[in-house]
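Encoded as structure tokens, the structure appears first; notes follow it.
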Amino acid sequence: MFHHHHHKRHRSRSCSRSPVNKRDSQQNRNNDRSKDYDRRADSNERHYHSIQSNRQYHYVPSPVLTMSIDEIISNGEKHPPVVQAFIHEVLLERKKRQLTEEKLNIYEHDYAHLRVQHETALNNMTLLKHEYDRCRLDLKNCAIELNQLHHNNHQLRIRIDDLLNNNQQHSYTNEEIFYAKRQRKY
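Position 142 (the sequence shown) corresponds to 142 in the UniProt record's numbering; numbering is contiguous.
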């Protein structure tokens, strides 16, 4: 029985060692211990049974170190409370990550959609700018034409006025001659 306790004490001391290469060194120690146990089991049957239970106890944390997270989660109830708490945290983190990824997908989709809209808007703006420039040019040309027409109109009015004046003067002259003739008669 004393021997049994000694191994427990030794194990707890080795477990508190630095975590560097912990998995490998622990696996090596477990293998060495197994060989040692098996050797001693041949000479001492009763001792073998006591070690066997000890060995089963010792192997509980070892698979946790070598298992994947999914394996640990799939049979969580078999593990000690510390591991179960860890599983709970991992599941929460996974849920958070999933939600974040979903949000990210939505944002990426929105971004792509907005980018297309932005490009379309820019293209429309470019087209509108061309149209605007063309309209401005047309307007400028129309304004020049209109000024030319105003000028021509003004010139025509001056010429009409001149013609009317000449015509009136001509008619007055005729009347004057006419009256002059009449007065000469009387």
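Glycine residues also receive a C-beta, built at the ideal position from the N, C-alpha and C atoms.
None of the values given here were measured: they were computed from a predicted structure.
By the 16-neighbour rule on beta-carbons within 10 angstroms, residue 154 is exposed. Here residue 79 carries a coil assignment [DSSP, helix/strand/coil].
Taking residue 76 as the centre and dropping the five residues before and after it, the same chain places the C-beta of 84, 87 closer than 6 Å to its C-beta, in chain order. Under the criterion of beta carbons closer than 8 Å, residue 82 and residue 69 do not qualify as touching, at roughly 15 Å. Here the C-alpha atom of residue 123 lies approximately 28 Å from the C-alpha atom of residue 142. DSSP places residue 68 in the coil class of the three-state scheme, outside both helix and strand.
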